Amino acid sequence: MKEFTFTVTDPLGIHARPAGILVKEAKKYNSSITLYKGDKSCDMRKLLALMGLAVKQGDEVTIKIEGDDEEECAAAIEKFMKENF
Amino acid sequence: MVVATGKSILNGIAIGKIKIYKAPVYDIYEGIVEDIEREVERFNEAIEKAIADQSVLYEKALKDAGEESAAIFEAHQMMLEDEDLQDSTREIITEQKRGAEYATKTAFDNYAQMFAEMDDPYMQARSADLIDIEATVLDFLLGNDTSSMQGTEPSILVAEDLAPSETVKLDKSLLLGMITREGSANSHTAILARSMNLPSLIQCKEIDDSWDGKLAIIDGYNSCVYIEPTKELLKTLTAKHDEDVRKLALLEELKGKPSTTLDGTSVHIYANIGGPSDLGFVNENDAEGVGLFRSEFVYLNSKEEPTEEQQFAAYKRVVETLAPKQVIIRTCDIGADKTIDYMNLDKEENPALGFRAIRICLTRKDFFKKQLRALLRASAYGNMGIMFPMIISKWELMEAKALLKECEDELKAEGHKIGKYELGIMIETPAAVLCADDLAEECDFFSLGTNDLTQYTCAIDRQNAKLERFSDTHHPAVLKSIQMTIDAGHRHGTWVGICGELGADPTLTETFLRMGVDELSVNPKSVLPLRKIVRSVDLSKPEA
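So the protein lines, in turn, are chains A and B.
Here this note's numbering is used: the first residue of the first sequence is 4, the next is one more, and so on.
Here this note's numbering is used: the first residue of the second sequence is 2, the next is one more, and so on.
Quick look at the structure:
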């Protein structure tokens, strides 16, 4: 399993359109990807669930990735989040 | 005559009959249904159509209103594709034995409710997106044709609110203006109104069904609408409307035309912009490039110092979007009146003469190198210029260039691609003007920052209202400085532009052309009016 934490710097947080692109990115991989914010979590392939967590600027989230392509998946997701959020 | 007020979207006049636009009312069967499989199948078909429809709406919005407005349909498409949303709709059909319409309404409303109850205003607004896509799915299920609701003659549309999909579906040739009771300045309606130049009012609380079919005038300049206006008012505002139309037509006519004088001298007219959100204005006003892109936005929009990756992504987007047009990005100009917490800058007695811009960057080299690396990496994606602010001595320029070279070597060693770019400096102090010959040897271009140049030359604080009587924006010393800079630049093959407010002053355009200026970089709205002046000047004849 791979895991990393990330602090959101985008003033709008994880908002609609980039969240949608993040979901598309996540769907490219076989691994399961779960995002944790405090005691809540969601499957990163699900846009409305992801938006429902209302991740805001300054929030710290943890992403856990598990599966046969977890290495490259984790690298791609982390890079995407750094560039977009 | 009735007068109602609202928030005006743009300065303009619309005259025409009112058409009241009513959102469709859905008549939905709420009882138990027998053929569950058929209902699931109907929902599957409708959602497929709704998903495909978003691509059509995206293309239409892109054409009518631009990228910002189109993006919402991409988001809508992704929401419609959401597994949870689809599964919960199908579950209502199969477990509660209800029709596809009832299930859609219930499931989508539940999600809309979830967003409406969130404490973040941005997320609350997403509730409207769910309602909008719900309507699209219901329209497909019920076979509704929504195109007839606009009427058949050109009119001013009055509605409670217009969802993005409703707005984009409107026949634009029948649309004179829009008035809504709800809506915000960033709503889809407002974006479309701006990009299509439609005078519109939002948050007009007084709209009334009795207005239907009556003659009305939207006066965008005064944020109001007159229903059944008096004869005099109709005459005055018709004249104003015709004048606006003539002006706009003239400007439209100038789009794509070169900024060349009658005797054949060309000048580049570029735009000044402050962030990626201004990108649309560049093309809208047909600017030939960007002469001043203030990089401060990457620093000001962030609580912590932005990383190289974040900066790279921002610069790349800007350069890539406008390519092959040139984009001149000014390096960090923090300090003086622009301060940021994480920079930990001391309070200064005299900030205008203090620790700012290149002085900070040459002191905090690691900070500066992050920006230089991000800029160099972005240069591979378009036509970039890099510009250093507040240079007063040649050694500063040499030191900045050495850092740039250092970053370039590092990046190449790391395997990054670097594009071709021009290098220039702002000329905004008397010191730079007097040393312009030395500086020109080391630059591709100069850009005159006339706001600071005027305040430093005349020792006049531009923010002090008491000095108004003493302040002269056309001070001969400033104009002489501009001429000296242009001459010095040209002696060394360095092109010279003006990016300060003076560049947009129409009374000086001919003067600057006679001085030999190569580029004027101005606020986007001034681009076409200036081009009009340039095209009417004849430099072969003595100045009038």
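We treat Cβ as the ideally placed atom computed from N, Cα and C, and that holds for glycine.
Here the structure is a predicted model, which means the values were calculated and not measured.
Q: Check whether the Cβ atoms of D519(B) and V138(B) sit closer than 9 angstroms, and answer yes or no.
A: Taking 9 angstroms as the Cβ cut-off, D519(B) and V138(B) do not qualify as a contacting pair.
Q: Find out if the Cβ-Cβ distance for the pair I180(B), A160(B) is shorter than 9 angstroms.
A: Going by beta carbons, I180(B) and A160(B) fall inside the 9 angstroms limit.
**Q.** Neighbour list for M80(B) in chain A, Cβ cutoff strictly below 9 angstroms
**A.** One finds A19, G23, L50, L51 and M54 in chain A with Cβ atoms closer than 9 angstroms to the Cβ of M80(B), taken in chain order.
**Q.** Nearest-angstrom Cα separation, counted from G178(B) out to H189(B)
**A.** Cα to Cα, the separation comes out at about 14 angstroms.
Q | Of the listed residues D342(B), S156(B), K542(B) and E443(B), nearest to P200(B) (C-alpha basis) | A | Looking at the Cα atoms, S156(B) is the closest of the given residues.
Q) Which bits of chain B does L15(A) rub up against, with CB to CB less than 7 angstroms? A) Here the neighbours are Y123.
Q) For F9(A), which beta-bridge partners are listed by DSSP? A) Its beta-bridge partners are V64(A).
(Q) Checking the sheet assignment: what are the DSSP bridge partners for S596(B)? (A) Nothing in the structure corresponds to residue 596(B), since chain B is present only between 2 and 545.
Q.
So that I know if they touch, is there some Cβ in chain A lying closer than 9 angstroms to that of Y619(B)?
A. As displayed, chain B neither begins before 2 nor continues past 545, which places residue 619(B) out of reach and without an answer.
Q: Could you tell me the distance, in whole angstroms, from the CA atom of V283(B) to the CA atom of N223(B)?
A: Between V283(B) and N223(B), the C-alpha separation is close to 27 angstroms.
Q.
Quick check on V64(A) - is its C-beta less than 9 angstroms from some C-beta in chain B?
A. By this cut-off, V64(A) is not an interface position.
Q. Where in the region 320-365 of chain B do unbroken runs of the beta strand (DSSP E), each at least 3 residues long, occur, reported from the N-terminal end onward?
A. DSSP runs (the beta strand (DSSP E)) wholly in the region 320-365 of chain B: 327-331.
Q | T37(A) versus D62(A), E86(A), E6(A) and E63(A), residue with shortest Cα-Cα distance | A | Looking only at D62(A), E86(A), E6(A) and E63(A), the smallest Cα-Cα distance to T37(A) is reached by E6(A).
Q. By DSSP, does G221(B) sit in helix, in strand, or in coil?
A. In the structure shown, G221(B) sits in a helix (DSSP, three-state: H, G or I).
Q.
For P553(B) and K467(B), I'd like the C-alpha separation in whole angstroms.
A. The requested residue 553(B) does not occur in the structure, where chain B is confined to residues 2 to 545.
Q | I208(B) beta carbon less than 9 angstroms from that of A5(B) | A | By the CB criterion at 9 angstroms, A5(B) and I208(B) fall inside the cutoff.
Q.
Looking at chain A, is there any beta carbon in it that lies within less than 9 angstroms of the beta carbon of D279(B)?
A. Taking Cβ atoms only, chain A never reaches closer than 9 angstroms to D279(B), which makes this a no.
Q | Residues that F471(B) bridges to, as DSSP identifies them | A | The partner list for F471(B) (beta bridge, DSSP) is empty, contrary to what the question assumes.
Q. Does DSSP put N33(A) in a helix, a strand or coil?
A. Three-state result, N33(A): coil.
Q.
Is there a Cβ of chain A sitting closer than 9 angstroms to that of Y112(B), yes or no?
A. Among the residues facing chain A, Y112(B) is included, as its CB has a counterpart in that chain under 9 angstroms away.
Q) Quick one: is Q55(B) buried, meaning 16 or more other Cβ sit within 10 Å of its Cβ, or exposed? A) Looking at its Cβ environment, which holds 16 or more other Cβ atoms inside 10 Å, Q55(B) is buried.
Q | Element boundaries [alpha helix (DSSP H), containing M119(B)] | A | Counting along the chain, M119(B) falls outside any alpha helix (DSSP H), and DSSP gives it neither H nor E.
Q | One or two residues paired with L293(B) in a DSSP bridge | A | According to DSSP, which records beta bridges pairwise, L293(B) is partnered with N273(B).
Q.
Is there a Cβ of chain B sitting closer than 9 angstroms to that of A77(A), yes or no?
A. Taking 9 angstroms as the CB threshold, A77(A) stays off the interface with chain B.
Q: Using a Cβ-Cβ cut-off of 9 angstroms, state whether F116(B) counts as contacting chain A.
A: By this cut-off, F116(B) is an interface position.
Q | Boundaries (first-last residue) of the alpha helix (DSSP H) holding S482(B) | A | Note, S482(B): alpha helix (DSSP H), P477 to R492.
Q. Touching or not, the region 524-538 of chain B and the region 257-276 of chain B, by the rule of three or more beta carbon pairs under 8 angstroms?
A. As far as the Cβ criterion goes, the region 524-538 of chain B touches the region 257-276 of chain B, which means the pair count is three or higher.
Q) Sorry if obvious, but does the Cβ on D367(B) come closer than 8 angstroms to a heavy atom of the ligand GTP? A) Here there are no bound small molecules, and the ligand GTP is not part of this structure.
Q.
Using 8 angstroms for Cβ pairs, my map puts V58(A) next to I17(A). What's the rounded Cβ distance?
A. About 4 angstroms separates the CB atoms of V58(A) and I17(A); that is less than 8 angstroms, so the two are in contact.
Q) Looking at K402(B) and Y343(B), is the spacing between their C-beta atoms short of 9 angstroms? A) Here Y343(B) is not near K402(B), since their CB atoms are 9 angstroms or more apart.
Q. Is the CB of K43(A) under 9 angstroms away from at least one CB in chain B?
A. Closer than 9 angstroms: no.
Q: Express the C-alpha separation of D439(B) and K395(B) in angstroms, rounding to a whole number.
A: The alpha-carbon separation between K395(B) and D439(B) amounts to approximately 7 angstroms.
Q | Residue range of the unbroken alpha helix (DSSP H) whose run includes T181(B) | A | That residue, T181(B), is in no alpha helix (DSSP H); its beta strand (DSSP E) goes L176 to T181.
**Q.** Which of helix, strand or coil DSSP assigns to M2(B)
**A.** DSSP places M2(B) in coil when its eight states are reduced to three.
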